[in-house]
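Q: My questions all concern the structure below.
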Amino acid sequence: MGSDRIGVSTGCVITLSSGLDVSTSPSTPSSKRYFRNYERASKDQSVLTELPNNYSDDCVMVLSASIKRTFTGGLLDRRPTWSPHITLTSPRVGLLSKRNICGDWAVVSSGIFILIFVLPKPIASRWTHVGSLQNKLNQLLGISKDDLAKAITAGPAVLKRSLENQIIPSFNFFKALLHSNTKFITAFKRYPEILTIDHKAVTIPNIEIMRQHGVPESKVVFLLTNQPRLFTVKPEEFKKTVNEVKEMGFDPSKLHFVLAVHALRSMRKSTWQRKVEVYGKWGWSEEQTIQAFGKNPWCMMASEEKIMAVMDFYVNTMGWESSRIARRPKFVSLSLEKRIVPRCSVVQGLLSKGLIDKKRLRLATLLESTESSFLEKFVIRYNEQAPELLKLYQDKIGLQKS
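So for the sequence shown, my numbering puts the first residue at 1178; every next one is plus one.
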């Protein structure tokens, strides 16, 4: 095996980050139990992780990042004795090449971050291509090295595409459409592989479908910036979703129309139906659920567990009728830990002292107001009668942050 190439293997990526499970090739089910051990490595060590035995030595390029956030790259020239984590200085590991193939790309991580590429032919035969691509992408996209590293980790297929024939034309296409390099960077960070798709086959037809239904250009740009992956689905499927949203009564000129398109495309029909059933457990009819979705599409983006937890708190802990939440479905999408529980704890304190009337409590004022407005109306105003409320609120917020 030469020092400037990697043997050929089926392409796949395994990304490890603190506290996360890993996805592996179906042919390597045993690898997950090994990779979970990587967290034991010392914070000041760089780490290499050996793949299970059904991978050959010459098909693996390992990029390992220590807590110092500096990448190093190399090739394993022999299979070391198995260890879940092997330091670069271990005598059991020999590196044929220590080329810093990714320059000083950094990955912001709370712990050790390991990226393992099992590369397909286009990259495997061109080791130096990976390193040289870094500077070109930095210059072209105007993106920070930290963000570029994280984007490549999420969408490594970018490394397989021709800079001149695919990446640059795609970049120019999106920049002209979004009229902003900042918006392009947002889209790229959310879905890096927008630079790899066939825009004539999917992106352009899907954009045209939105325009034909009367969606303003500003709303198309908003959706493309924040949910670029949505435009990579087959146009016939995309058109079905847009028609379905329109049949629900959404106004194409409003932002909720594109949010509803995103919501429906992000879940299966069975998932949608299960969420309708979850709301039904709290007394909502299917019609009420559809109406709530029309007011705030995000209420159907919450997980079934989140919906149950929020509704249980509102109805059983606070004693509010579920119909009040149906009229203000935005309340479901609020954070239970960071917003709902801390603020409602203050209200419970005020109610227990008889300082406010439950019937006159406006939920929108309580839950949707800014932090400063909430403190002024529900804490500072009652500082003399209930001085403990500020500490109660701070404790709740602090507990959730910790």
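Note that beta-carbon positions come from the ideal geometry of N, C-alpha and C, so glycine has one too.
Is the CB-CB distance between Ile1658 and Leu1544 below 8 Å?
A: As displayed, the chain neither begins before 1178 nor continues past 1579, which places residue 1658 out of reach and without an answer.
Q: Return yes when the Cβ of Phe1348 is within less than 8 Å of the Cβ of Leu1318, no when it is not.
A: A contact, by the Cβ cut-off of 8 Å.
Q: If you run the structure through DSSP and keep just helix, strand and coil, what is Pro1382?
A: Of the three classes helix, strand and coil, the one that applies to Pro1382 here is helix, per DSSP.
Q: Assuming Lys1411 contacts Val1379 (C-beta within less than 8 Å), just tell me the rounded distance between them.
A: About 7 Å separates the two Cβ atoms, so the contact holds.
Q: Of the choices Pro1393, Leu1401 and Gly1391, whose alpha-carbon is the least far from that of Ile1381?
A: Nearest option by C-alpha distance: Leu1401.
Q: Count the other C-beta atoms from every protein chain shown that fall within 10 angstroms of the C-beta of Pro1474, then say buried if there are 16 or more, exposed otherwise.
A: Pro1474 should be labelled buried.
Q: Quick check on Arg1520: buried or exposed, where buried means 16 or more other Cβ atoms within 10 Å of its Cβ?
A: Counting Cβ neighbours within 10 Å, Arg1520 comes out buried, since at least 16 surround it.
Q: For Lys1322 and Glu1341, what's the separation of their Cα atoms in angstroms?
A: Each residue's Cα considered, the two are about 21 Å apart.
Q: Are the region 1415-1431 and the region 1445-1459 in contact at 8 Å, needing three or more beta carbon pairs?
A: Not touching, per the Cβ criterion.
Q: Compute the distance between the beta-carbons of Glu1370 and Val1335, then report whether it is under 8 Å.
A: Contact: yes.
Q: Can you tell which of Asp1534, Glu1548, Asn1493 and Leu1441 has the C-alpha that lies nearest to the C-alpha of Ala1479?
A: Comparing Cα-Cα distances from Ala1479 to each of Asp1534, Glu1548, Asn1493 and Leu1441, the minimum goes to Leu1441.
Q: So what does DSSP say about Gly1575, is it helix, strand or coil?
A: Correct three-state label for Gly1575: helix.
Q: Could you check what DSSP says for Lys1511 in three-state terms: helix, strand or coil?
A: Residue identity check: residue 1511 is Leu in the sequence provided, not Lys. Note: Leu1511 maps to coil in three-state DSSP.
Q: Are there 16 or more other CB atoms within 10 angstroms of the CB of Pro1405, so buried, or fewer, so exposed?
A: So Pro1405 ends up on the buried side.
Q: Suppose you measure from the CA of Lys1337 to the CA of Thr1373; what does that come to, to the nearest Å?
A: Near 9 Å, if we compare the C-alpha coordinates of Thr1373 and Lys1337.
Q: Rounding to the nearest angstrom, what Cα-Cα distance links Asn1560 and Ser1550 in this structure?
A: Taking the straight line joining both Cα atoms gives about 15 Å.
Q: Taking the C-alpha atoms as reference points, what is the distance between Arg1539 and Gly1526?
A: Going by the C-alpha atoms only, they are around 16 Å apart.
Q: If we ignore side chains and look at the alpha-carbon of each, how far apart do Thr1330 and Met1488 end up?
A: Taking the straight line joining both Cα atoms gives about 37 Å.
Q: Can you check which of these residues, Ser1510, Pro1506 and Ser1339, is closest to Lys1483 by C-alpha distance?
A: Among Ser1510, Pro1506 and Ser1339, the Cα nearest to that of Lys1483 is on Ser1510.
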